[in-house]
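*Asks:* The sequence shown begins at 360 in our numbering and counts up by one.
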Amino acid sequence: MSRIIRREAKVPKVITQENAEFPMKICACGLTQQFPYCDKTHLTIQEEEGKLYEYYDGEPKEVRVEGV
360 MSRIIRREAK VPKVITQENA EFPMKICACG LTQQFPYCDK THLTIQEEEG KLYEYYDGEP
420 KEVRVEGV
(Lines of atoms letter the chains of each structure in order from A and count residues from 1; the text may use other names and numbers.)
(Lines give C-alpha, C1' and ligand atoms only; values in the text may rest on other atoms or scores of the structure.)
Protein backbone atom coordinates (compact mmCIF):
# COMPACT_ATOMS: atom_id res chain seq x y z
CA MET A 1 0.00 0.00 0.00
CA SER A 2 1.40 3.39 -0.90
CA ARG A 3 0.39 6.69 0.63
CA ILE A 4 1.61 10.21 1.13
CA ILE A 5 2.08 11.19 4.76
CA ARG A 6 2.69 14.69 5.98
CA ARG A 7 4.99 13.98 8.88
CA GLU A 8 5.60 16.79 11.29
CA ALA A 9 5.74 14.99 14.61
CA LYS A 10 8.95 13.18 15.41
CA VAL A 11 7.81 11.31 18.51
CA PRO A 12 4.58 9.54 19.51
CA LYS A 13 1.90 11.05 21.68
CA VAL A 14 2.13 9.47 25.13
CA ILE A 15 -1.13 8.98 26.99
CA THR A 16 -0.90 8.20 30.66
CA GLN A 17 -3.64 7.33 33.07
CA GLU A 18 -3.54 6.84 36.79
CA ASN A 19 -3.17 3.15 37.68
CA ALA A 20 -2.44 2.19 34.07
CA GLU A 21 -0.19 -0.83 33.54
CA PHE A 22 1.86 1.14 31.02
CA PRO A 23 1.52 4.42 29.13
CA MET A 24 0.00 4.18 25.64
CA LYS A 25 2.09 5.59 22.82
CA ILE A 26 0.00 6.75 19.88
CA CYS A 27 1.72 6.98 16.48
CA ALA A 28 2.24 10.52 15.22
CA CYS A 29 4.45 9.76 12.19
CA GLY A 30 1.88 7.64 10.33
CA LEU A 31 4.33 4.87 9.43
CA THR A 32 3.59 2.35 12.16
CA GLN A 33 2.52 -1.17 11.27
CA GLN A 34 0.51 -1.35 14.52
CA PHE A 35 -1.79 1.64 14.04
CA PRO A 36 -2.80 3.51 16.14
CA TYR A 37 0.06 2.45 18.42
CA CYS A 38 3.69 3.46 17.98
CA ASP A 39 6.02 0.62 16.94
CA LYS A 40 9.10 2.93 16.92
CA THR A 41 9.30 3.05 13.11
CA HIS A 42 10.05 6.79 13.45
CA LEU A 43 13.44 5.85 14.91
CA THR A 44 14.44 4.14 11.65
CA ILE A 45 13.45 7.02 9.35
CA GLN A 46 16.22 9.31 8.12
CA GLU A 47 14.70 12.34 6.43
CA GLU A 48 16.08 15.80 5.81
CA GLU A 49 14.15 18.76 7.20
CA GLY A 50 12.07 20.65 4.66
CA LYS A 51 11.91 17.81 2.11
CA LEU A 52 8.81 15.89 1.03
CA TYR A 53 8.87 12.07 0.87
CA GLU A 54 6.56 9.37 -0.45
CA TYR A 55 6.66 5.92 1.11
CA TYR A 56 6.23 2.71 -0.88
CA ASP A 57 6.13 -0.40 1.30
CA GLY A 58 7.96 1.52 4.02
CA GLU A 59 10.70 2.84 1.73
CA PRO A 60 11.07 6.64 1.40
CA LYS A 61 11.39 8.38 -1.96
CA GLU A 62 11.99 12.13 -2.13
CA VAL A 63 9.30 14.05 -4.03
CA ARG A 64 10.32 17.11 -5.95
CA VAL A 65 7.56 19.70 -6.19
CA GLU A 66 7.73 21.98 -9.23
CA GLY A 67 7.05 25.69 -8.80
CA VAL A 68 7.52 25.83 -5.05
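A virtual CB, placed ideally from N, CA and C, is assigned to each residue, including glycine.
As the structure is a computational prediction, the values presented were derived from the model and not from experiment.
On the three-state DSSP scale, how would you describe leucine 411?
*Replies:* Correct three-state label for leucine 411: strand.
*Asks:* Pull up the distance between the alpha-carbon of glycine 417 and that of arginine 423, whole angstroms please.
*Replies:* Roughly 19 Å between the two C-alpha positions.
*Asks:* What number of angstroms, rounded off, separates the C-alpha of glutamate 421 from the C-alpha of leucine 390?
*Replies:* Those two C-alpha atoms are separated by around 16 Å.
*Asks:* Using DSSP bridges, identify the partner residues of glutamate 418.
*Replies:* According to DSSP, glutamate 418 bridges with Tyr415.
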